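Count the sequence shown with the working numbering and you get residues 754 to 1022, in order.
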Amino acid sequence: MVYSIFRKKHHQSSLKAPSPIISSPSPINQERSFLPTALADCKHEQHGTQTKLASELLRRNHNWADQVMIHEPHFFNECAKGQHPKILWIGCADSRVPPEQIVSCAPGDIFVHRNIANVCLFSDLNSLSVIQYAVEVLKVEEIVVCGHYGCGGVKAAMENHSYGLIDNWLTNVKSVYQSKKQWLDGLEQTEREALMIEFNVINSLHILCQTPVIQSAWSRGQLITVHGWSYNIENGRICDLNARVASPDDVEKVYWEAFQTKIQCKVNR
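Given below as structure tokens:
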């Protein structure tokens, strides 16, 4: 059963039944109880005042809420009292990398911000606002910057093509690529992309740790640890990039050590 890793278990008796907190299986797909049925077969057709796909989403929501009430009747009341996540997750918007699901957490466990290629920028008011709220209001203790192998945004930044508006967003990723190109050249394409994806995570972590919000939090003694991870879509496992910062004194040291470790691994292959 999947419980919140932070909240108390309300009813031990419900341990005998599968938890609907993460997902509620469709009746036609009981053998895959750990995953809901894919929406791929729902075509964009009108169904009353809703499209068929939207109607299916609403049906699933109502079924999920009903199952939660049956198995954990106090869950929504507890959620309504407020959120107290200990983790801020900064990840890619890719639909195959849903944070709560890949780390088996319940609603309320993780405060999430996602964008194309898990980018952190000093100029992005969206992500900076999320970071400030997470650190100063929610008092999160851990921040995870998580990329994923096969990231389309990073791949696009490595190419000499124009994709329109997104080119502006990927400027920082392109800069990382150009600065590390000497270590990427000569590698097989898949390996090259994977290493660049790791470089991009490390770079985002480095920028995040330099933001005034994080620096101020550390200066007043707030305990925050920032981690750099990358998710493997092919096997569902997260790779710890061994980039971990817990104080302002660690920022530059961890940044360069993480890069050098990745570069050394490439050299030794």
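For each residue, glycine too, the CB sits at the ideal point set by N, CA and C.
All values derive from a computational prediction rather than experimental measurement.
- For arginine 945, the enclosing alpha helix (DSSP H) starts and ends at 942-963.
- Nearest to valine 850 by alpha-carbon distance, out of Val890, Asp877, Gly900 and Ser882, is Gly900.
- In the structure shown, the three-state DSSP call for valine 872 is coil.
- The C-beta of glycine 835 has fewer than 16 other C-beta atoms within 10 Å across all chains shown, which makes the residue exposed.
- Under the three-state reduction of DSSP output, aspartate 862 falls in the coil class, being neither helix nor strand.
- A distance below 6 Å between beta-carbons, with the five flanking residues on each side excluded, links isoleucine 960 to the following residues of its chain, in chain order: Cys873.
- Here glycine 981 is buried: its Cβ has 16 or more other Cβ atoms, across all protein chains shown, within 10 Å.
- One alpha carbon belongs to aspartate 819, the other to glutamate 831, and they sit about 16 Å apart.
- For cysteine 845, the three-state secondary structure derived from DSSP is strand.
- For histidine 837, there is no enclosing alpha helix (DSSP H), as DSSP marks it with neither H nor E.
- Looking only at Lys839, Lys908 and Phe952, the smallest Cα-Cα distance to glutamate 889 is reached by Lys839.
- Sequence-distant Cβ neighbours of alanine 970 in its own chain, meaning closer than 6 Å and more than five residues away, are Val888 and Ile977.
- About 16 Å separates the CB atoms of threonine 964 and phenylalanine 864; that is not less than 8 Å, and the two are not in contact.
- Counting every other CB atom within 10 Å of its CB across the protein chains shown gives asparagine 953 a total of 16 or more, marking it as buried.
- Here phenylalanine 829 is exposed. Its C-beta has fewer than 16 other C-beta atoms within 10 Å.
- Pairing alanine 947 with glycine 906 gives a Cβ-Cβ distance that is not under 8 Å.
- Distance from the CA atom of serine 882 to the CA atom of lysine 892, rounded to whole angstroms, is 14 Å.
- Residue Asn985 holds the alpha-carbon nearest to the alpha-carbon of proline 852 among Ser915, Gln935, Asn985 and His815.
- Annotation: the continuous beta strand (DSSP E) that includes valine 898 extends over 895-901.
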